[in-house]
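Below is one structure, written out as structure tokens, with a few remarks after it.
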Amino acid sequence: MIGKTITIFKSFVCILLLFNAQLFAQGQKSNHLQGKVIEKNTGQAIPYASIKVANANQSTISNIEGIFVLSYAPEATDSIAVSAVGFSTIKIPLSDFKSNNQTIIALDENVTVLNTVTITPLKAEVILKTAVRNSNQSYSAPSILTGYYKEYVKRDSLLSKYADGLISYHIQRQKNDLPKVSLQVSQSRVKEINLPDEEDKINELNTQINIREIGGFVDPNKTSTLDSNNFKYYKYQLLEIEESGRSIYVINFNPLVGDKKALNAGKIYIDKERMLIIGLDYNVSPISAPYLTSINILGIHVSMVSRSLSLRYSIKNDEYNLAYVGQHYGMKIKSKRFNQLSTFKSEFWVGDVKTENISPFTANVYTKKALYKRGNNY
47 MIGKTITIFK
57 SFVCILLLFN
67 AQLFAQGQKS
77 NHLQGKVIEK
87 NTGQAIPYAS
97 IKVANANQST
107 ISNIEGIFVL
117 SYAPEATDSI
127 AVSAVGFSTI
137 KIPLSDFKSN
147 NQTIIALDEN
157 VTVLNTVTIT
167 PLKAEVILKT
177 AVRNSNQSYS
187 APSILTGYYK
197 EYVKRDSLLS
207 KYADGLISYH
217 IQRQKNDLPK
227 VSLQVSQSRV
237 KEINLPDEED
247 KINELNTQIN
257 IREIGGFVDP
267 NKTSTLDSNN
277 FKYYKYQLLE
287 IEESGRSIYV
297 INFNPLVGDK
307 KALNAGKIYI
317 DKERMLIIGL
327 DYNVSPISAP
337 YLTSINILGI
347 HVSMVSRSLS
357 LRYSIKNDEY
367 NLAYVGQHYG
377 MKIKSKRFNQ
387 LSTFKSEFWV
397 GDVKTENISP
407 FTANVYTKKA
417 LYKRGNNY
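Residue numbers (this note's numbering): 47 to 424.
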């Protein structure tokens, strides 16, 4: 049994490491490079770093582990620029990247604190309301966001389901409401371990991540943390930093003690000049953990033990778009037969945004909650 588990785990590791541009080339010739962004002093991974090819339109963002894969046109002979909030930007010649090898990129910390102020909830409310309103009015729509998506389900220490693919979201505004989103999947691949029916149904029943809804994060209003009605339940601290020549507000937020309406703690990043939200990171605050959802279903106790969300937005040529969505949920599941921790995680990187000559998806609209339901089709 141990040998079988190791073999299965290795299969998943191979899938995780080999989601390269060749699988999703769609008939176009391109080169790709792989790398990992870390802090120079500590060696820790830097998530959500921006990686851009100079003088070209190719870019990507590192994932939670700091890893990225970037496709670029064969004629590109320049360099890539790697940047992250709080770190010095560096440029690396494309020739320094070796084919099929992961290049380590170390960034120096470089935070210039222009102003550090503890602000009142009223002050934070003014800043956040302005940024949320501007972001809601500025995101590109109608538009089509195309990119790479992956999801997995982990049962204790064993990956039980994994899927990735090339997907597209059609985004359409709705008056006084969140955007209307439809999904197409052009390619997908899947790996899963056969589980007893009871356990498999429980995993599906409690999957918190819905691939169809991820495109809705083009509007930051989708997350309740940025709902102005909830600002009064948080305490805030405002920092102003300089990064790559622009000023950014960093708002740290924590829930008020003992309030069930505010569960999350994290950071909001706002472009000061444009007053647009460019990033959001949050986890459930330790003081709020007792208020997480807990239910009993036919003798099975299910409780949420962790939850996190990371969003990144890009501003290019005065266009404001979603760039990255990362979600993570932890669920504790107990019954007489088993006691397990199920982890659900998904990530979506936007690789291309179209805003001209587009129309709503009328065929092959994907309606299932999880990508692995589509199976291998590429």
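All residues carry an ideal CB built from backbone N, CA and C; glycine is no exception.
Worksheet entry | The beta strand (DSSP E) enclosing ASP317, as first and last residue numbers | 310 to 317
Practice prompt. For the segment 210 to 286, list the beta strand (DSSP E) runs that are entirely contained and at least 3 residues long, ordered along the chain.
Written response: Counting only runs of 3 or more, we get 223 to 238.
Item to complete: Determine the direct distance from the alpha carbon of TYR337 to that of GLN68, and round the result to whole angstroms.
Response: Note that GLN68 scores a pLDDT of 40, beneath 50, so its modelled location is shaky and nothing firm can be said.
Fill in: Alpha-carbon to alpha-carbon, SER360 and VAL172
23 angstroms
Worksheet item: Is it true that the CB of ALA209 sits closer than 8 angstroms to the CB of LEU417?
Response: yes
Practice prompt. Take the Cβ of GLN74 as the centre, count every other Cβ of all protein chains shown within 10 Å, and call the residue buried at 16 or more, exposed below.
Written response: Bear in mind that a pLDDT of 47 at GLN74, under 50, signals an unreliable position, so the number given afterwards is only what the model happens to contain. Per the 10 Å Cβ criterion, exposed.
Discussion item. According to DSSP, simplified to helix, strand and coil, what is GLN74?
Written reply: Its pLDDT being 47, under 50, GLN74 is placed unreliably by the model, and the measurement read from it follows with that caveat. Looking at GLN74 - three-state DSSP - the assignment turns out to be coil, as it is neither helix nor strand.
Item to complete: Measure the Cβ-Cβ separation of ILE151 and ILE138 and say whether it is below 8 angstroms.
Response: yes
Practice prompt. Report yes or no: do the segment 312 to 319 and the segment 288 to 302 share at least 3 C-beta pairs separated by less than 8 angstroms?
Written response: yes
Discussion item. Measuring straight from C-alpha to C-alpha, what distance separates SER19 and MET377?
Written reply: Because the chain in this structure spans residues 47 to 424, residue 19 falls outside the shown range and cannot be described.
Discussion item. If the criterion is Cβ atoms closer than 8 angstroms, does the pair ILE287 and GLY132 meet it?
Written reply: yes
Worksheet entry | Under 8 angstroms between C-beta atoms of LYS436 and GLY112 | The structure shown does not extend to residue 436, since the chain is modelled only from 47 to 424, so the question has no answer here.
Discussion item. Here's the rule: buried if 16 or more other CB atoms are within 10 angstroms of the residue's CB, otherwise exposed. What is GLN90?
Written reply: Taking every protein chain shown into account, the CB of GLN90 has fewer than 16 other CB atoms within 10 angstroms, so this residue is exposed.
Worksheet entry | Buried or exposed (CB count within 10 angstroms, at least 16 for buried), VAL264 | buried
Discussion item. According to DSSP, is ALA67 part of a helix, a strand, or is it coil?
Written reply: Unreliable placement is indicated for ALA67, whose pLDDT of 40 sits below 50; the coordinate value is still reported in the next sentence. ALA67 sits in coil when the DSSP states are folded into three classes, being neither helix nor strand.
Worksheet item: What is the DSSP secondary structure of GLN386, reduced to helix, strand or coil?
Response: strand
Worksheet item: In terms of residues, what are the limits of the beta strand (DSSP E) holding GLY325?
Response: 322 to 330
Worksheet item: Going by Cα to Cα distance, which pick from ILE136, GLU402, THR269 and ASN422 is closest to GLY325?
Response: THR269
Worksheet item: Between GLY372 and GLY193, which are expected to be in contact by the criterion C-beta below 8 angstroms, what is the C-beta distance as a whole number of angstroms?
Response: Contact doesn't hold; Cβ gap of about 13 angstroms is too wide.
Item to complete: Kindly indicate which residue of SER232, PRO225 and LEU191 has the alpha-carbon position closest to the one of ASN12.
Response: Residue 12 is absent from the model: the chain starts at 47 and stops at 424.
Worksheet item: So SER181 and ILE323 are in contact, right, with Cβ under 8 angstroms, and what is the actual spacing, rounded?
Response: 5 angstroms
Worksheet item: If you draw a straight line from the alpha carbon of ILE190 to that of GLY312, how long is it in whole angstroms?
Response: 29 angstroms
Practice prompt. Using three-state DSSP, classify THR88 as helix, strand or coil.
Written response: coil
Worksheet item: Excluding five sequence neighbours on each side, which residues of the same chain lie with their C-beta closer than 6 angstroms to the C-beta of MET321?
Response: THR176, ALA177 and ASN180
Discussion item. Only counting the same chain, and skipping five residues up and downstream in sequence, which positions put a Cβ closer than 7 angstroms to that of VAL59?
Written reply: Any reading at VAL59 needs caution, since the residue's pLDDT is 39, under 50, leaving its predicted position unreliable; the model's value is listed next. Once the five neighbours on either side are set aside, VAL59 has no close Cβ partner at all.
Practice prompt. Evaluate SER340 with the Cβ neighbour count: other Cβ atoms within 10 Å of its Cβ, from every protein chain shown; 16 or more gives buried, anything less gives exposed.
Written response: Exposed, by the Cβ-count rule.
Worksheet item: Sorted by chain position, which residues of the same chain lie with C-beta nearer than 7 angstroms to GLN72's C-beta, five sequence neighbours on each side aside?
Response: With a pLDDT of 43 at GLN72, under the threshold of 50, the modelled position of that residue is not reliable, and the figure given next carries that caveat. Nothing meets the Cβ criterion.
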